[in-house]
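For reference, the structure is listed below as structure tokens.
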């Protein structure tokens, strides 16, 4: 009797795992296909629909993972939040300041190199602090790597920035890996196998679009989307390929935050504010968190309205301020490791 | 003993790069020729628009009272020339930072590796690296260019001035007694 139940459970588990893998792979392949065929259109629609909500889910996820009392983690979190604030303000203000000063091109590059240096040092310090917390890790490699990265940032500041644009979506896949391991460890193997679909799809996109002509359309939005994917810097590569690659990676990252993490959240405190560590502190904290989440949901609605009013301008502002969530992923990912 | 040897190799790796410190070109091998446009350098704008004038001649004079050489240029010849730009910090600054960062990376990497319990096995990696670093530094170092001997006319400073009334370029040299 018990053997039959065990076999049935195993069969159900395997079937669920296959369903999960099929969903992940199906999403990845579909995103790659649409991104390759209609990169600009897909980029516009996906940013319009997903930009705000995925930030909201990220904020909710981070709040659910934040400990109620920081204790020995105080320096880690203080540095983490201070870095997010300073680097975001610096990134948003840098063009204005340099433009006001009438800076030469070399000064612009030096300005961005300084920002990249601060980012590398901030991440390295967080990694160092994290390695000294339990469970302790030997992450002494972080400093040589950080200095090497700083050298690269000064050699090619703009290419380094561009690499962040392409690498950021992959961080979501790493966070999802940790979350699956925490909540549904039986899916880890399937998920990691499915991850192979991302490089395969990227390879197919590059193979198909390597010789594609640049994207047609000289309107401001098309130019801005091409610019964001690095087309002016990588002039020898088809802008169609670059935009498709970036849009595909962005879509995968939206999928992680809007589909996978909320689904996994049914087994955690993601959807239950009073059960969050911060929410358990007191009723005041619970109410505060609820008010914050309602307010941020209202901001998502405002963002949609702004997109409807002036899509290109809103997109520009969004991608500047969205750096907050890019940077905030660093301390939370490190805590999850 | 092994730790000391490790540090010596690390130090040598860092100092090996100093061999190339005085080189104007940091890339691999000798500096490749820069492709220049056909019209390079661009012609200077005519300082005084108007009918073409005869090219100024170079007149060499000897003055017994002069203590240093002096080059006097006609004012209209130098009117269109801009003063030399002051060297900009930004042109050399990134290279220095890149160098510092790479040295920092090397030192931090050495410190990390030295703490590893099996650092002795790294010696097998570091020794060939040291050899490669020296060979690389030697190959990339450009030999000092010895200029062909030439008859020296004058040594010392030359004062360059301009004269509003001059039409020719005058080079005034101190008169020699012998």
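Protein chains in written order, with the numbering used here: chain A, 871 to 1207; chain B, 736 to 913.
Backbone N, C-alpha and C fix where the C-beta goes; we use that ideal spot for every residue, glycine too.
Taking a Cβ-Cβ cut-off of 8 Å, the neighbours of residue 1018 of chain A in chain B comprise 836, 837, 840, given in sequence order. Interface annotation, residue 1127 of chain A: not in contact with chain B, CB-CB separation never under 8 Å. At a beta-carbon threshold of 7 Å, the residues of chain A lying near residue 843 of chain B are 1013, 1014, 1017, ordered along the chain. In chain order, 1134, 1137, 1138 place their CB closer than 8 Å to the CB of residue 1053 of chain A, counting only its own chain and leaving out the 5 sequence neighbours on each side. With respect to residue 898 of chain A, residue 1038 of chain A sits apart: the two C-beta atoms are not nearer than 8 Å. When secondary structure is reduced to three states using DSSP, residue 894 of chain B falls in the strand class. In the three-state DSSP reduction, residue 804 of chain B falls in the strand class (E or B).
Distances from the CA of residue 945 of chain A to each of A:992, A:1108, A:1145 were compared; the closest alpha carbon is that of A:992. Membership of residue 909 of chain B in any alpha helix (DSSP H) is not indicated; the residue belongs instead to the beta strand (DSSP E) covering 904-909. In chain A, no part has a C-beta under 7 Å from the C-beta of residue 897 of chain B; the shortest such distance is about 30 Å. Against chain B, the CB of residue 1021 of chain A has a partner CB under 8 Å away; the residue lies at that interface. Excluding sequence positions up to five before and after residue 933 of chain A, its CB lies within less than 7 Å of the CB of 1146, 1148, 1159, all in the same chain and listed in chain order. Rounded to the nearest whole angstrom, the C-alpha separation of residue 829 of chain B and residue 916 of chain A is 38 Å. Neighbours of residue 850 of chain B in chain A, taken as residues at a C-beta separation under 7 Å, are given in chain order as 1010. Collapsing the DSSP output to three states places residue 965 of chain A in a helix. Here DSSP, grouped into helix, strand and coil, assigns residue 796 of chain B to strand.
A straight line joining the alpha-carbon of residue 844 of chain B with that of residue 954 of chain A spans about 27 Å. Residue 1066 of chain A and residue 1174 of chain A have their alpha carbons spaced roughly 34 Å apart. Contact annotation for residue 1024 of chain A against chain B: 829, 832, 833, 836 [CB-CB distance below 7 Å, chain order].
Residue range 975-1001 is occupied by the alpha helix (DSSP H) that includes residue 999 of chain A. Residue 903 of chain B places its beta carbon 8 Å or farther from that of residue 813 of chain B. If you draw a straight line from the Cα of residue 1055 of chain A to the Cα of residue 1200 of chain A, it is about 23 Å long.
In this structure residue 883 of chain A is exposed. Its beta-carbon is surrounded by fewer than 16 other beta-carbon atoms within 10 angstroms. Rounded to whole angstroms, the separation of the alpha carbons of residue 1014 of chain A and residue 842 of chain B is 8 Å. Beta-bridge pairing by DSSP links residue 809 of chain B to B:898.
Contact of residue 1105 of chain A with chain B by beta-carbon distance below 9 Å is absent, the smallest such distance being about 17 Å. Counting along the chain, residue 1158 of chain A sits inside the alpha helix (DSSP H) bounded by residues 1153-1179. CA-CA distance, residue 960 of chain A to residue 989 of chain A, rounds to 11 Å. Around the C-beta of residue 909 of chain A, 16 or more other C-beta atoms lie within 10 Å, and the residue is accordingly described as buried. In this structure residue 1082 of chain A is in contact with residue 1108 of chain A, their Cβ atoms being roughly 5 Å apart against a cut-off of 8 Å. In this chain, residue 1084 of chain A is not harboured by any alpha helix (DSSP H), its DSSP state being neither H nor E. In terms of Cα proximity to residue 911 of chain A, the closest of A:1140, A:998, A:1116, A:1162 is A:1116.
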